[in-house]
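Q: Those protein sequences? They're chains A and B, same order as listed. Using the numbering used here, you'd call the opening residue of the first sequence number 1 and step up by one each time. Using the numbering used here, you'd call the opening residue of the second sequence number 1 and step up by one each time. I'd like to ask you about the structure that follows.
Number of protein chains: 2
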Amino acid sequence: MVAQDSVQVVAGSVQWQPGSGPAWNMSNDWLRDNCRCAACRHPGNGQKLYEIVDLPDDLRATAAAVLPDGGLQVRWSDGHVSDYAAAWLQDHALSEDARRSRRAHPTLWTGALGAQLPVADWPALLAEPALELAWLEQYAALGFGLLRKVPTEPGQVAQVGDRLGFVRVTNYGRLFDVKSVPNPTNLAYTAVGLGVHSDNPYRHPSPGVQLLHCLESEAPGGDTLLVDGFHAAEILRREDPAGFDLLRRVPMNFRYADAGTELRARQTLISTDVDGVVRAVHFNNRSADWLDAPAELAQAWYAAYRAFARILKRPELELIFRLAPGDCVVMQNDRTLHGRTAFDPGRGRRHLQGCYIDGDAMESRRLVLRRSART
Amino acid sequence: MVAQDSVQVVAGSVQWQPGSGPAWNMSNDWLRDNCRCAACRHPGNGQKLYEIVDLPDDLRATAAAVLPDGGLQVRWSDGHVSDYAAAWLQDHALSEDARRSRRAHPTLWTGALGAQLPVADWPALLAEPALELAWLEQYAALGFGLLRKVPTEPGQVAQVGDRLGFVRVTNYGRLFDVKSVPNPTNLAYTAVGLGVHSDNPYRHPSPGVQLLHCLESEAPGGDTLLVDGFHAAEILRREDPAGFDLLRRVPMNFRYADAGTELRARQTLISTDVDGVVRAVHFNNRSADWLDAPAELAQAWYAAYRAFARILKRPELELIFRLAPGDCVVMQNDRTLHGRTAFDPGRGRRHLQGCYIDGDAMESRRLVLRRSART
C-alpha cells in the first residue's frame, strides 16, 4: 500500500502530510507569498506583482485539498485560491534534510588534483555549449578552471573575460600586466615568490573572479601555486574551532594606497552563511593593514591567523603547475588562493596579463546552459 | 602636573599607560605586526614584506621605552626593534571608546531632508576639487547625492559613472533606459509606480552605486521617492528587536530570469558588521524569490518582513522630488532605496538612463581628496 498525501487546515494554517517524509506545518505568509498564479507573479519574467503589505495581516487558510498531480490547492480568507504543483512543493520543502540537499557542495581538493586539472580548449569551448557547460560545472565545484589555446596576443584576457562575464574595470585598468618592472608599485610586478593570496581584499566588493593569461614563460621558475581556501578553512574548523570562529567573526582591515588611490576594506578572513557553510575566504599578507578589534581578542585572533596561514602553506594542499603560453587560469577569487614561485627575469621573459570579472555572470551562464541541456 | 606616558614589559608583553586614558596590555603579535619599519613594510606602497608565519611563535618583548615624541619603542626577543609614533598609537588604540569613534557614523535622514538636498552642478564639480570633496562627503554621510547640469545627451550617465568610478557592465549593458516600452521584460520599463527598493539583489555582488540621469520628464507623475534604508533598519531595531535580528540573520532568495539570464542570490534584508552597525539593506519586492529557511522560522520571519516593509512606507521617511532634465541622482544601492510615483505616458515623455558603478572608487577618491585638502 502506498501512503497517500493528505492535507488539513488546523486553526487557519495548512498542515501538509506528504505520502513520505515528515509532516509540515506551513506558514500562511510563506505559502501565500509563494503563489505562482498570473495575478501574483508576472507570467513572463516571474516578478512579483503585489507588495507584501498588500496581503491581509490576518491572512488564514480556509480550505485545502490535494490536487490530482499530488500538488496542493489552498483557499485563503481573502478569497484568493493558490495552486502548488507537487514538484514545486518537493523542490521547496523546508525540512532540514531538504534544505541540506539544496546547498552547494563544493568539491574540496588538494595538490593531488594536479593529475586531473579542470581544463578545456578555448576555441572548442566557444564552439560547443556542452563542453562549456561541463567546464562551468567543474569551475563551480572546484573554484577554478584552466583554459588552453587562448591566442597569445596582448588584450586577449579581456576578450575571454567579456565572454565569460563582464570585465570589471578598476584603478589598474581593464587589464593588468604581471611582469617584473623597474620601481614596481606592487610586489606582484617584481620577480619574488608570492605566497598564496586572494586579490584585492582592500576593495569593496573584492573581485569575484580573476583571470591570468600567460603570454610568455621563458624565465626559470614562476610556477603557479593554487590552494583551496575552502578546504583550508574546513581544516582550521576541525583542528581549531575557536580560532575558526574568531576569523569568521572578527574582520581585519586591508588597504592599498598609491598617489591617486586609497582603497580600504574590512573583511573577515573566513565568511560563513546562516547554515555555517564557508562562502568566502580572503587572505592577503601584503595588503593586510591592521586588526581593529577589542584589545582582549587581539592575541587569540593572531594565534588563529597564524594557524590558518600555516595550513595554507601545507605542501599537500599546494597545487603546482606551470602556465604555458596560451594558458589562462580562471579563479574564484574568494575561494581559490593563488601564488607563484620566484623566477629569474635575467634568464628569460615572463609575462602574464590579468583581469577581473564578477562571478554572477558565469553562474548565470551555467544555469542557462543547464536549461538547454534538459530540453 | 601633567600625567606622563609610561611603559613596562611584564611577562614578555608591553603594558602601555598613556598620560591620559586607560592602560593597554598590548598583544605581542598585534604590536609587532604593526611595525612600520622599512624592513617590515615597503616604504613606497606600504605592502607588508614578510609573512605572519615568519615571526617567531614565541615572540616576546624584551624592553620598551617611551620615545621623546610620546611614542613607543619596543625591543623584541628576535632582536628586531620597532618604533611606534605617538600619533599612530592614538589613531590605532583598541579601547571601546577609541574603536567607537573610528566607526563611520551615517547621518540618518527623513523626507524633511528635501529642504537641503546634497546637490552640486556637474561642470562646477569637475572644475573644483574642493566642491567635489564636499559633495563626496555629503554622499558618504547620506548615502546619495544629486548632480545638476549633466548634459542631456544619451550616454552621459556612463560618462559620469566613469568619472566617479568605473561603470559596471551587466546583462543590461553598460547603461539601461528607463521608459515605458511595449512587452517590457522588467516592471521598471512600464508606467506603474514602484515601491522603494534596492536594485539587483539577485546579483552577487549587488551593485554598489546606481546612477539615474533624467533626459526627459514631461509626463505628469513619475516623481522620485528615496528612503534611507539604514534609518528604516534602525527604526525596526528599536520597535521590534527580534524581527530585526531575524532579518539580519536569515537570508531570502532573490532571482531574475529571462531567456538568456538566470541570476540568483541569497541576501539578508539587513546586514550588520561585527560591531552591530547596519552596513547594508537589500529590499526588492519584485525580485523576491522565496525564503529557504527552517520551517519553524518562516512565520516569524514574515512578520518581521511585513514590519520592515511597513516602516519603508511611512510617509515621513519618504523623500520625494522631481528629476528635471540634466539631473542625475547617485545612490548607494545598499542603503538608499528608490522608487517612483506612477506616470502617464500618454501625456508626455519620461526618459531616464541609468548605470551601476562600484562604491569603492568613490570612497577612494574622497580619501585622496582629503589628503590634498590637508596639505
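Quick reminder that beta carbons are idealized off the backbone N, C-alpha and C, glycines included.
Using CA atoms only, rank isn't needed, just tell me which of A:D344, A:I320, A:D334, A:S364 is closest to L117 of chain A.
A: Out of A:D344, A:I320, A:D334, A:S364, A:I320 has the C-alpha closest to the C-alpha of L117 of chain A.
Q: Whose CA, out of B:W135, B:M26, B:D258, B:L142, lies closest to the CA of R148 of chain B?
A: Comparing Cα positions, the closest option is B:W135.
Q: With Q267 of chain A and P241 of chain A assumed to form a contact (beta carbons below 8 Å), what rounded beta-carbon distance in angstroms separates them?
A: About 21 Å separates the two Cβ atoms, so there is no contact after all.
Q: With distance defined between alpha-carbon atoms, name the residue in A:C37, A:G44, A:D5, A:S6 nearest to A259 of chain B.
A: That would be A:G44, whose Cα lies nearest to the Cα of A259 of chain B.
Q: Can you tell me the Cα-Cα spacing of D223 of chain A and S101 of chain A, whole angstroms?
A: About 38 Å.
Q: Closest to S6 of chain B by C-alpha separation, out of B:L59, B:A38, B:A63, B:D121, would be which residue?
A: Minimum Cα distance to S6 of chain B is reached at B:A63.
Q: Span of the beta strand (DSSP E) holding I52 of chain B?
A: No beta strand (DSSP E) holds I52 of chain B; DSSP gives it neither H nor E.
Q: Would the region 331-343 of chain B count as touching the region 267-283 of chain B if we require 3 or more Cβ pairs under 8 Å?
A: Yes, the region 331-343 of chain B is in contact with the region 267-283 of chain B.
Q: Decide if V81 of chain B is buried, meaning its Cβ has at least 16 other Cβ atoms within 10 Å, or exposed.
A: The residue is exposed, with fewer than 16 neighbouring Cβ atoms inside 10 Å.
Q: According to DSSP, is M331 of chain B part of a helix, a strand, or is it coil?
A: It is a strand residue.
Q: Compare the Cα-Cα distances from N342 of chain A to each of A:S364, A:R322, A:A361 and report the closest residue.
A: The sequence shown places Ala at residue 342 of chain A, rather than the Asn named in the question. Of the candidates A:S364, A:R322, A:A361, the one whose C-alpha sits nearest the C-alpha of A342 of chain A is A:R322.
Q: For the alpha helix (DSSP H) holding Q90 of chain B, just list the boundary residues, first then last.
A: That run of the alpha helix (DSSP H) goes 86-91.
Q: Run through the region 119-171 of chain A for me and flag every whole alpha helix (DSSP H) of 4 or more residues, listed as ranges in chain order.
A: The qualifying runs are 122-127, 129-142, 156-164.
Q: Looking only at its own chain, which residues have a Cβ that is under 7 Å from the Cβ of W301 of chain B, when we skip the five neighbours before and after it?
A: Cβ neighbours of W301 of chain B beyond the five flanking positions: L246, V250, L291, A293.
Q: Below 8 Å, how does it come out for the region 72-81 of chain B and the region 45-62 of chain B: are there three or more Cβ pairs, yes or no?
A: At 8 Å Cβ cutoff, the stretches touch.
Q: So is V14 of chain B in contact with chain A if we call contact Cβ pairs under 8 Å?
A: Closer than 8 Å: no.
Q: Quick one: using the 10 Å Cβ neighbour count with 16 as the cut-off for buried, is H381 of chain B buried or exposed?
A: Beyond the ends of chain B as shown, which are 1 and 375, falls residue 381 of chain B; an answer cannot be given.
Q: Just the C-alpha distance for A288 of chain B and D69 of chain B, rounded to the nearest angstrom, thanks.
A: Those two C-alpha atoms are separated by around 57 Å.
Q: Are the Cβ atoms of L113 of chain B and V227 of chain B separated by less than 8 Å?
A: For L113 of chain B and V227 of chain B, no; Cβs fall outside 8 Å.
Q: At what residue ranges does the region 260-335 of chain B contain a whole run of the beta strand (DSSP E), taking only runs of 3 or more?
A: Counting only runs of 3 or more, we get 261-267, 270-272, 278-281, 288-290, 319-321, 328-332.
Q: Any chance the region 200-212 of chain B sits against the region 356-370 of chain B, with 3 or more Cβ pairs inside 8 Å?
A: Yes, the region 200-212 of chain B touches the region 356-370 of chain B.
Q: For K48 of chain A and chain B, any beta-carbon pair shorter than 8 Å?
A: Judged by the 8 Å Cβ criterion, K48 of chain A is in contact with chain B.
Q: Can you tell me which residues form a DSSP beta bridge with N253 of chain A?
A: Partner(s): A:R266, A:W290.
Q: Among the residues of its own chain, which have a CB less than 6 Å from the CB of Y305 of chain B, if the five just before and after it don't count?
A: Here the set comprises nothing.
Q: From the DSSP secondary-structure annotation, give me the bridge partner or partners of N25 of chain B.
A: B:Q15.
Q: If we define contact as Cβ-Cβ less than 8 Å, is F244 of chain A a contact residue for chain B?
A: Cβ-Cβ to chain B under 8 Å: no for F244 of chain A.
Q: Who are the neighbours of D258 of chain B on chain A, taking C-beta pairs under 7 Å?
A: Those within 7 Å of D258 of chain B in chain A are N45.
Q: Cutting at 6 Å between CB atoms, please list the residues of its own chain near F244 of chain A, excluding the five before and the five after it.
A: Excluding sequence neighbours, F244 of chain A sits near L236, R237.
Q: Smallest Cα separation from D273 of chain A: which of B:A265, B:S27, B:G276?
A: It is B:A265 whose Cα lies nearest to the Cα of D273 of chain A.
Q: Could you name the residues of the same chain whose beta carbon sits closer than 8 Å to that of L49 of chain A, not counting the 5 residues immediately before and after it, in chain order?
A: Counting only Cβ-Cβ distances below 8 Å, and skipping sequence neighbours, we find A39, C40, R41, H42.
Q: One question on the structure: do G19 of chain A and Q4 of chain A come within less than 8 Å of each other, judged by their Cβ atoms?
A: Yes. Within cutoff.
Q: Looking at the secondary structure, which residues open and close the beta strand (DSSP E) in which A63 of chain B lies?
A: 61-66 is the span of the beta strand (DSSP E), which, as asked, contains A63 of chain B.
Q: My assumption, with CB atoms under 8 Å, is that R366 of chain B sits in contact with E137 of chain B. Please give the rounded CB distance.
A: Correct: roughly 7 Å between the Cβ atoms.
Q: For S101 of chain A and chain B, any beta-carbon pair shorter than 8 Å?
A: No, its Cβ sits nowhere closer than 8 Å to a Cβ of chain B.
Q: Taking A158 of chain B as the reference, give the member of B:T170, B:I270, B:G145, B:R174 with the closest Cα.
A: That would be B:R174, whose Cα lies nearest to the Cα of A158 of chain B.
Q: Starting from H231 of chain A, trace the alpha helix (DSSP H) in both directions and tell me its first and last residue.
A: Note, H231 of chain A: alpha helix (DSSP H), 229-239.
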